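Structure record follows, encoded as C-alpha cells.
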Amino acid sequence: MAMIDEPLYPIAVLIDELKNEDIQLRLNSIRRLSTIARALGEERTRKELIPFLSENNDDEDEVLLAMAEELGVFIPYVGGVEHAHVLLPPLETLCTVEETCVRDKAVESLCRIGAQMKEIDIVDWFIPVVKRLAAGEWFTARVSSCGLFHIAYPSAPDQLKTELRTIYGQLCQDDMPMVRRAAASNLGKFAATVEQSYLKTEIMSIFDDLTQDDQDSVRLLAVEGCAALGKLLEPQDCVAHILPVIVNFSQDKSWRVRYMVANQLYELCEAVGPEPTRADLVPAYVRLLRDNEAEVRIAAAGKVTKFCRILSPQLAIQHILPCVKELSSDSSQHVRSALASVIMGMAPVLGKDATIEQLLPIFLSLLKDEFPDVRLNIISKLDQVNQVIGIDLLSQSLLPAIVELAEDRHWRVRLAIIEYIPLLASQLGVGFFDDKLGALCMQWLEDKVYSIRDAAANNLKRLAEEFGPEWAMQHIIPQVLEKINNPHYLYRMTILQAISLLAPVMGAEITCQKLLPVVINSSKDRVPNIKFNVAKVLQSLIPILDQSVVEKTVKPCLVELSEDPDVDVRYYANQALQVCDQMMVSS
Amino acid sequence: MWKQFLSKLPRKSSASGDSGQCSNGTGIQRTSSCGSVPSARPASAIRRMSSAVFPSSVVAGIEPLVSFKDVPNSEKQTLFVSKLSLCCVVFDFSDPNKSSVEKDIKRQALLDLIEFVESSSARFSEAAIAACAKMCAINLFRAFPPNYRSGSSGGGEGDEDEPMFDPAWCHLQLVYELLLKFIGSSSLDAKIGKKHFDHSFIVKLLNLLDSEDPRERDCLKTILHRIYGKFMVHRPFIRKAVSNIFYQFVFETDRHNGIAELLEVFGSVISGFALPLKEEHKIFLWRVLIPLHKPKSVGLYLQQLTYCVTQFLEKDPKLASSVIIGLLRYWPIINCQKEVMFLSAIEEILESTSQAEFQKCMVPLFRRIAHCITSSHFQVAERALFVWNNDHIISLIAQNRQVIMPLVVPALEQNIQNHWNQAVLNLTMNVKKMFSEMDEDLFSSCLAKHKEDEEKRVSLEVKRKLTWEKLESAAAFQPVTGHTAVLVGHQPSANMIATLI
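Quick look at the structure:
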C-alpha cells in the first residue's frame with residue numbers, strides 16, 4: 001500500500017480509537033498496541049505511548065485486562081530488556097484496580113517482565129514497585145504485591161532482602177483477610193527463593209501465624225502451602241515444624257482443611273523420610289481414609305496409589321489395604337468411584353501375590369458395583385493389572401460387566417465403554433474379543449443415539465488398526481456392509497461413515513473391491529442426505545484409490561450426483577469433483 | 001426503626017413458614033416439637049446432613065436439673081450457669097434414635113433457660129455471661145458440610161434446589177433464641193457482655209450466615225442486629241468484618257448464602273448513620289455496595305442492595321451521580337435478566353435524583369439506555385422504554401433534552417426500522433411521539449443528523465480499516481530490537497507479511 005495523502009500519527013489513531021463508544025473497537029485497538037508501538041519506533045513508544053497508557057486506565061475491565069496482557073510481552077517494542085522498566089508504571093496502576101482478573105493479569109505480566117530484567121534494574125525499578133504496592137492504601141495493591149516478591153527477592157542485596165522479608169511478614173498479618181489469603185497462597189513461591197537459614201526462622205514463624213489465623217479461609221491456604229514448604233526444608237526441620245502442623249490439620253474440625261490435607265499428604269512423605277512417615281503420616285492418612293465426611297474420603301481415596309508407592313509394600317498391606325477394603329463398599333458412590341479410578345495402580349506396588357490375594361476380590365466387587373462410573377473406572381485402567389497378574393483371573397467377571405455397561409440406559413456410559421474397547425481388545429486378545437465383544441461392537445452401530453453410532457464407527461477403525469486388515473476383512477467388513485440395507489437412513493449413514501473411516505486402514509485393494517461398490521450403490525439411495533454423504537465419502541476415498549478407478553468409477557458417479565435435483569447433493573458432488581480434478585492436475 | 005425497615009422489604013425467606021417472620025421483634029418462633037420441619041416441604045425431601053458436623057465424642061448421660069421455680073432467687077444465677085453447662089453437650093442427630101432421652105432433657109433445659117432470661121430482672125453475673133457465650137459457641141459454631149448440589153462445576157444457579165437442613169435444628173433453634181433473648185435482655189450489662197461476645201465470637205457468628213438454611217440465616221440476622229445495637233464498641237468492627245465478607249464474595253468466591261441477610265441488617269445500619277456522612281461510610285458505598293452489583297447471583301439480593309443504596313442517597317443526595325456511574329461500570333453484558341434488574345434499580349435511583357446530579361451522569365447513562373432500547377431481548381428493550389412512563393424522569397429528560405435526544409433518537413429509529421417485537425415497536429413509537437411533542441424542531445434535527453451519520457458510517461468504517469493498514473505497513477518498516485522475536489504471541493496480519501516479503 002502506498003503511503004500518500006495525510007501523514008500518520010499512530011498515537012492519535014490510538015487515542016481516537018480509545019475514545020470510541022464501542023468497546024469492541026477499543027478492545028481491538030489495545031490488541032494491536034504492538035503495531036502502534038512498532039510504527040512509532042522504540043523511543044517514541046517509551047516516551048509517548050507508555051506514558052499515555054499509564055494515564056488511560058479508566059476504561060472498562062475488559063479493556064484493562066487486554067492492556068495488562070499486551071504489556072507483558074512488550075519488552076521488544078520499548079527497546080529491549082534495558083528499557084523494560086518503562087513498562088512497570090502502567091502495570092503498577094493496573095495492579096490496584098478492583099477487578100480480580102485484571103490485577104492477576106497485571107501481576108503475571110510484571111513477573112514476566114521482572115524475570116527478564118537485569119539484577120541492577122530489579123533493584124532500581126522493580127523492588128520500589130513491590131514496596132509501593134505492599135504499602136498501598138487499598139487492599140487490592142497489597143494483594144497484588146504478594147505475587148511479586150519471588151521475582152524481586154533473589155536480586156536484592158542483603159539489606160533489601162531483610163526489608164522484603166519483613167514486609168512479607170507484615171502482609172501475612174494484614175488487617176484484611178483478603179491480603180492474608182494472598183500472602184498465604186504465595187508463601188510457597190516466595191519461600192523457595194529465601195535462604196535456608198531464614199527459611200527456618202522467619203518464614204516458619206510466618207507460616208505458624210498463618211496456620212493459626214482466625215479466618216478458616218486463611219488457614220486453608222496455609223495448609224495448601226504445607227507440602228511446598230516441607231520440600232524446601234531439610235528433613236529434620238520438616239519433621240520438627242511441618243509435621244506437627246499437618247498432623248494437627250488432619251484432625252481439624254473443618255472438613256475443608258482435612259480435605260486439603262488428604263489431597264497432599266503423600267507429597268510430605270518424601271520430605272520427611274520413611275520413619276516419620278510410618279509413625280505419623282500413615283496413621284493420619286488412615287484417619288482421613290475413614291473420615292466422617294465423604295468429600296474427605298474421596299480426596300484420600302484418590303491418592304491411595306500415590307501414597308502406597310512411597311510406602312514399603314509391607315506397610316501398605318498392613319495399614320492401607322484394610323482401609324481400601326472398607327472403601328470399596330463405602331456408602332458414597334463417589335468415594336468408590338475415586339477408589340476405582342486409582343486402585344488398579346496398586347497392583348504393581350503390592351506385587352503379584354498380594355494382588356491376587358488381597359486386591360483381586362476388591363476389583364471383582366467394584367466390577368459389580370451398582371454405579372456405572374465405578375465399573376468404568378476399573379475397566380479403564382485394566383492394563384495396569386494385566387502387567388502384574390495377567391487378565392485371565394479377571395476375564396470371568398469382566399465380560400458381564402462390559403456387557404452390562406454396553407447396554408446401560410445412559411448413553412454417556414455406553415459412550416465411555418466404547419472408548420475403552422480398543423484397550424480391552426489389546427489386553428484381552430483376539431480370541432476373547434471374537435467370542436464375546438464382536439457382536440457388541442456391531443450392535444452399537446445401530447444405537448438410538450448419534451454419538452454412540454459415531455463412536456462405534458470410530459471404534460471399528462481403531463480395532464482394524466489394532467488387529468490388522470486381514471482380521472478386519474473377516475470380522476468387521478462383512479458385518480458392516482450387511483447393514484447398508486437397513487431401512488432407516490440414519491443407520492445407512494452410519495455405515496457410510498464407518499466405510500470412510502475404515503478405508504485408509506484397509507488399503508487401496510480392499511477399498512476398491514469391497515467398499516467402493518457399496519458406496520457407489522448408495523448413490524442411488526432415495527434419501528438426499530445419503531446421497532450427499534456418498535459424495536463426501538467418495539471425496540475422502542479419492543486419495544486412497546487408484547487414478548484409473550477414480551476416472552472409471554468415482555467420477556461418473558459424482559457427475560451424476562452433481563445433476564441431482566437436491567441442492568445439497570449437487571453442492572457436495574461438485575466439491576468432490578473439484579478434488580478429483582486437483583488430483584488429476586497434480587499427478 | 002427495625003420493624004419499620006423490615007416491613008418495607010418484601011421478604012424472600014418467608015417460604016419456610018415457621019420462623020420466617022421475626023418482624024414482631026420478640027424473637028424466633030420455634031417449632032413445637034423436636035425434629036419437625038417446615039410444613040411446606042415433604043419430610044422425605046429433607047436432606048440429612050452428614051455426621052461430620054458433630055464432634056464424635058460419646059455423650060455421657062446427662063441428668064435433668066431442677067426447675068428455676070424450685071430454687072430461691074439467690075441461687076437462680078448458679079442454676080442458670082449449671083443449666084448452661086449442661087447444654088454444652090452436643091448430640092449426634094444423624095441418628096434420630098440415639099440418646100433421645102438426653103436430647104429431650106437438653107431441649108427442656110434450653111426452654112427453661114429461655115424462660116428465665118425472658119423473666120429475669122436481676123443483672124447477669126459475669127460467670128453467667130461467660131457461660132452463655134461459651135454454650136452458644138459450642139453449639140452454634142460448626143463447619144458446614146460440603147455442598148454436593150452445585151458439584152464440581154460450581155454453577156451458581158443452584159438456588160432452585162432444596163436447601164440442606166441441619167438435623168440438629170431443633171436444638172440449634174433454641175440456642176439461637178436464647179442468644180437473641182440474652183443479648184436483648186436489659187439484664188445484660190453491655191460493658192461486661194462485650195468482653196465475652198467479642199470479636200472472635202462475632203466473626204464466627206458471621207461465618208454462620210453462609211448457612212443454607214433460611215431459618216438459621218434469619219435468626220442470625222436478628223441476632224446480628226441486636227449485637228450491633230447493644231455493643232456500641234463493636235460497631236466499627238462489625239462493619240469491617242461484614243465488609244470483608246462482601247469483598248471475599250465479590251472478588252474471590254462468588255458464592256455466599258447470606259448476602260441478602262447481611263444487606264438487610266446494613267439497610268438499617270445505614271439509616272442510622274449520622275450526618276454528614278463520614279468518609280468511611282462513603283467508601284463503604286463505593287467500594288462495597290457498588291461492586292456488589294457485579295456477581296452473577298445479584299438477583300438474589302438486589303432488592304436489599306438497592307434499598308441500602310437508596311438509604312445512602314436519602315442521607316446525601318449528592319451521591320447519586322457517582323452511584324449511577326458506578327452501576328454503569330458494572331452493567332451486565334450478556335445477562336438479560338440482570339440487565340432488566342439494573343434498569344429497575346436505575347429507575348429507582350433516578351426517582352430521587354436531583355437535576356444537578358442528573359446532569360453529571362446523563363450522558364453515559366442515556367448512552368447505555370439507548371443501547372438497551374435496541375436490545376434484541378424484548379424484555380430489556382421494553383424495560384428501557386418503560387423509563388419514559390416515570391413522570392420525574394420525563395421531567396429530567398425534558399429539561400436536558402438538548403443532550404439526551406441526540407443520544408436516544410438513533411436508537412428509536414433503529415428499532416422502528418428493524419425490531420422484531422411488536423410490543424417494543426409500539427413503545428418505541430410512543431417515546432418517539434413524546435419526543436416530537438416535547439420539541440418538534442430539536443427532534444427533526446436529531447433525526448436528520450442520525451440519517452447523515454448512518455450514511456457516513458460505512459465510509460468511516462472503510463477509513464478506519466485503511467488507517468490501521470497504513471499503521472501496519474509503517475510498523476513493518478521500523479526496525480525492532482534485534483535479539484528478541486517480534487511476533488511474540490501475535491498473529492501477523494496478512495498485510496504485514498505481504499510487506500515483509
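Taken in sequence, the protein lines are chains A and B.
Per the UniProt record's numbering, the first sequence runs over residues 1 to 587.
Per the UniProt record's numbering, the second sequence runs over residues 1 to 501.
We put the beta carbon where it would ideally sit given N, CA and C, even for glycine.
Computed from a prediction, not measured in an experiment: that's the story for all the values here.
Option nearest residue i by Cα separation, candidates the options
i                     : options                        : result
V89 (chain B)         : B:A137, B:F273, B:K204, B:L275 : B:A137
S82 (chain B)         : B:F91, B:M135, B:K69           : B:M135
P85 (chain B)         : B:N418, B:L110, B:N73, B:S100  : Note that residue 85 (chain B) is Ser in the sequence shown here, rather than Pro. Checked all of B:N418, B:L110, B:N73, B:S100; the closest Cα to S85 (chain B) is B:L110.
I270 (chain B)        : B:T310, B:A384, B:N97, B:D70   : B:T310
L33 (chain A)         : A:I320, A:P76, A:Y572          : A:P76
A300 (chain A)        : A:R278, A:E270, A:V272, A:I343 : A:I343
S120 (chain B)        : B:H234, B:A133, B:K278, B:L178 : B:L178
residue 565 (chain B) : B:N418, B:Q303, B:V203, B:S297 : Only positions 1 to 501 of chain B appear in this structure, which leaves residue 565 (chain B) out of reach.
F345 (chain B)        : B:Q355, B:A320, B:C446         : First, the residue type needs correcting, since residue 345 (chain B) is Ala and not Phe in the sequence shown. Among B:Q355, B:A320, B:C446, the Cα nearest to that of A345 (chain B) is on B:A320.
G272 (chain B)        : B:Y228, B:G299, B:L262         : B:Y228
P64 (chain B)         : B:K76, B:T78, B:I105           : B:I105
T193 (chain A)        : A:M204, A:F149, A:T166, A:E163 : A:F149
K204 (chain B)        : A:L424, A:V223, A:S254         : A:S254
E413 (chain B)        : B:N400, B:N430, B:M232, B:I245 : B:N430
L365 (chain B)        : A:W444, A:E21, A:P543          : A:E21
I325 (chain B)        : B:P291, B:S186, B:A475         : B:P291
S186 (chain B)        : B:N426, B:F124, B:E212         : B:F124
Simplified DSSP assignment, three categories, for residue i
i              : result
F65 (chain B)  : According to the sequence as given, residue 65 (chain B) is Leu; it is not Phe. Of the three classes helix, strand and coil, the one that applies to L65 (chain B) here is coil, per DSSP.
F91 (chain B)  : coil
F197 (chain B) : coil
N458 (chain A) : helix
Y330 (chain B) : coil
R142 (chain B) : coil
V80 (chain A)  : For the sequence presented, residue 80 (chain A) should be read as Gly rather than Val. Three-state DSSP puts G80 (chain A) in coil, outside helix and strand.
Y285 (chain A) : helix
E469 (chain B) : helix
M117 (chain A) : coil
A227 (chain A) : helix
H256 (chain B) : coil
W169 (chain B) : helix
G35 (chain B)  : Unreliable positioning characterises G35 (chain B) in this predicted model, as indicated by a pLDDT of 43, which lies under 50. The coordinate reading is nonetheless provided below. It is coil, neither helix nor strand.
V348 (chain B) : Sequence check: residue 348 (chain B) is Glu here, not Val. It is helical.
Y9 (chain A)   : coil
E216 (chain B) : helix
M583 (chain A) : helix
D174 (chain A) : coil
D546 (chain A) : coil
Rounded distance between the beta-carbons of residue j and residue i, thought under 8 Å
i              : j              : result
M493 (chain A) : I452 (chain A) : Contact doesn't hold; Cβ gap of about 14 Å is too wide.
R258 (chain A) : S250 (chain A) : 6 Å
L277 (chain B) : K315 (chain B) : 6 Å
L206 (chain B) : A241 (chain B) : 6 Å
P235 (chain A) : V272 (chain A) : 6 Å
L113 (chain B) : F165 (chain B) : No, L113 (chain B) and F165 (chain B) are not in contact; Cβ-Cβ is about 24 Å, not under 8 Å.
V78 (chain A)  : L87 (chain A)  : 6 Å
Chain D residues whose Cβ lies nearer than 7 Å to that of residue i
i              : result
T374 (chain B) : Of the chains in the structure shown, none is chain D; the protein chains are A and B.
Check: Hey, which unbroken runs of the beta strand (DSSP E) at 3 residues or more fall wholly within the stretch 359–445 of chain A?
Finding: Counting only unbroken stretches of 3 or more residues, no beta strand (DSSP E) element lies wholly within the stretch 359–445 of chain A.
Next item on the list: Would you mind listing the alpha helix (DSSP H) stretches within the UniProt repeat "HEAT" (320–358) of chain A that are 4+ residues and don't spill past its ends, in chain order?
Entry: Assignment of alpha helix (DSSP H) within the UniProt repeat "HEAT" (320–358) of chain A, counting only whole runs of 4 or more residues, yields 321–327, 333–343, 346–350 in chain order.
Next item on the list: Output the residue ranges of the beta strand (DSSP E) runs that lie fully inside the stretch 373–437 of chain B and measure 3 residues or longer, sorted by chain position.
Entry: none
Notebook entry, point to check: Which runs of the alpha helix (DSSP H) spanning at least 4 residues fall entirely within the stretch 71–136 of chain B, listed in chain order?
Noted result: 73–86, 100–119
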